[in-house]
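Residue numbers (our numbering): 279 to 417.
Spelled out as structure tokens, the structure:
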């Protein structure tokens, strides 16, 4: 969430190009299940949203960032081996329509490109011996 806020602020202060903030992202959208009230268990995505009615939607990163900044729901999705594949999110305004899912790789591509452009150099992220992400500067 914090990365989205930082990128929005970088865009507002004209420190990254608008084209980057408007990078198109592929999201999966699941519509609200009309059988359940949104006042029920917020953490039961399968009951609140129709996970069988999968729609691919293209949205700008700016849209994704604002949804995450104002998130009503945000949950990281992990496989059984605990690797992260992506996350579900929606805002207080969009929760009545449905929920979005984005692949973590696609999200990190935008974050990495923003960091590269802002730092005005080549950078990459890697994991250290403890498994934490660290920034690696290019030549």
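All C-beta atoms in this analysis are idealised placements derived from N, C-alpha and C, irrespective of residue type, glycine included.
Since the model is a prediction, treat every value here as computed from it, not as a measurement.
In whole angstroms, give me the CA-to-CA distance for residue i and residue j.
i, j, result
"residue 374", "residue 280", "24 angstroms"
"residue 322", "residue 306", "17 angstroms"
"residue 372", "residue 345", "8 angstroms"
"residue 330", "residue 409", "35 angstroms"
"residue 356", "residue 336", "23 angstroms"
"residue 324", "residue 296", "36 angstroms"
"residue 334", "residue 294", "27 angstroms"
"residue 283", "residue 342", "11 angstroms"
"residue 338", "residue 388", "11 angstroms"
"residue 417", "residue 361", "Per-residue confidence for residue 417 stands at a pLDDT of 43, beneath the threshold of 50, marking its modelled position as unreliable; no derived number is given."
Can the beta-carbon of residue i be found less than 9 angstroms from the beta-carbon of residue j?
i, j, result
"residue 340", "residue 378", "no"
"residue 376", "residue 308", "yes"
How far does the alpha helix (DSSP H) with residue i in it reach, from first residue to last?
i, result
"residue 340", "339-347"
"residue 289", "280-290"
"residue 296", "296-299"
"residue 325", "323-326"
Helix, strand or coil for residue i per DSSP?
i, result
"residue 354", "strand"
"residue 361", "coil"
"residue 408", "coil"
"residue 333", "strand"
Residue i bridges to which residues according to DSSP?
i, result
"residue 367", "352 and 378"
Looking at the unbroken beta strand (DSSP E) that takes in residue i, where does it start and where does it end?
i, result
"residue 304", "302-309"
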